[in-house]
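Peer 1:
In the working numbering, the protein residues as written are 320 to 571.
(1) Do you know how far the Cα of residue 497 is from the Cα of residue 537?
(2) Going by Cα to Cα distance, which pick from 548, 519, 565 is closest to residue 455?
(3) Taking residue 381 and residue 441 to be in contact with their CB atoms under 8 Å, please state how far apart those CB atoms are, rounded to whole angstroms.
(4) Confirm, please, whether the CB-CB distance from residue 485 to residue 469 is below 8 Å.
(5) Tell me whether residue 419 sits in a helix, a strand or coil according to DSSP, three-state version.
(6) Please report how far the alpha carbon of residue 499 lies from the alpha carbon of residue 430, in whole angstroms.
(7) Between the segment 381-396 and the segment 517-531, do at least 3 Cβ pairs fall closer than 8 Å?
(8) Since residue 530 is in the beta strand (DSSP E), which residue starts that stretch and which ends it?
(9) So which of 451, 411, 401 has the shortest CA-CA distance to residue 417?
(10) Considering only the beta carbon of each residue, do residue 553 and residue 434 sit closer than 8 Å?
(11) Mind checking residue 361: buried by the 16 CB within 10 Å criterion, or exposed?
(12) Given that a residue counts as buried once 16 or more other Cβ atoms are within 10 Å of its Cβ, and exposed if not, what is residue 540?
(13) Within a Cβ cutoff of 8 Å, which residues of the same chain sit near residue 482, ignoring the five residues on either side of it in sequence?
(14) Please give the ranges of any beta strand (DSSP E) in the segment 457-518, keeping only runs that are unbroken, at least 3 residues long and fully inside the region.
(15) Check the DSSP bridge columns for residue 551 and list the partner residues they point to.
(16) I think residue 447 touches residue 379, with their Cβ atoms under 8 Å apart; what is that distance to the nearest whole Å?
(17) Please tell me whether, using a cut-off of 7 Å, the distance from the CB of residue 431 to the nearest non-hydrogen atom of the ligand COA is below it.
(18) Should residue 422 be labelled buried (16 or more other beta-carbon atoms within 10 Å of its own) or exposed?
(19) Is it buried or exposed, residue 523, if we count other Cβ atoms within 10 angstroms and call 16 or more buried?
(20) Along the chain, where does the alpha helix (DSSP H) containing residue 438 start, and where does it finish?
(21) With DSSP run on the structure shown, which of helix, strand or coil describes residue 388?
(22) Measuring straight from C-alpha to C-alpha, what distance separates residue 432 and residue 558?
See the structure below:
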């Protein structure tokens, strides 16, 4: 018997069949179509929900090698209040989960490698607006020209206020390292990182960080495992205004 005739006979017999027979027939012929349709609708619904409920990010602060103290739970909300934004409408990310061996950035322990990879991805994706890290970590990223020149970021008043705490990198050293890398040479003939607190000894000093020696707003909320920590602003931040406000916030 031709397939189409057989199919018609089955359909005709089902008109008088029991509910169980009809349901079994439905499962045999249509269950995968239904499953696929449900999955598509579920995915579409989830995507629409996330799009409609997603909040705009106000700031992403990454703090390396720190532990949150009890007051830290409310610290993002206090910053939200400081800049006049509703945390129900904006996201305030304070990530204190990243840890690494600041004494040896070439270390291959699992935690250091994971943090290094995570940090690189975040910065490349323009996620991080503020980075707080040790001097050695800051050196590594600063001489890859990762951070904002604070003379271009800060207001004149802020620049004058925070200048005593500036971390400087020497652009001449960064250029020499880039030239050596482009030529496939080792860094043996490239000067070591100069003292970040001594711009007078540099050929082309650029302020790209702020030492947090006097930032009591942070030290009251976070326990820093590194003796010296520096605040920097990635050059690709999308929230320069909030980054500037955060600097004022932690020094108030």
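The C-beta atom is built at its ideal place from N, Cα and C for all residues, glycine as well.
Peer 2: Well, looking at it:
(1) 34 Å
(2) 548
(3) 7 Å
(4) yes
(5) coil
(6) 30 Å
(7) no
(8) 524-530
(9) 451
(10) no
(11) Residue placement at residue 361 is flagged as unreliable, the pLDDT there being 48, under the threshold of 50; the coordinate-derived value follows with that caveat. Classification of residue 361: exposed, given that the 10 Å Cβ count is below 16.
(12) buried
(13) 526
(14) 485-489
(15) 450, 528
(16) 5 Å
(17) No copy of the ligand COA occurs in the structure displayed, which carries no ligand at all.
(18) exposed
(19) exposed
(20) 429-443
(21) coil
(22) 28 Å
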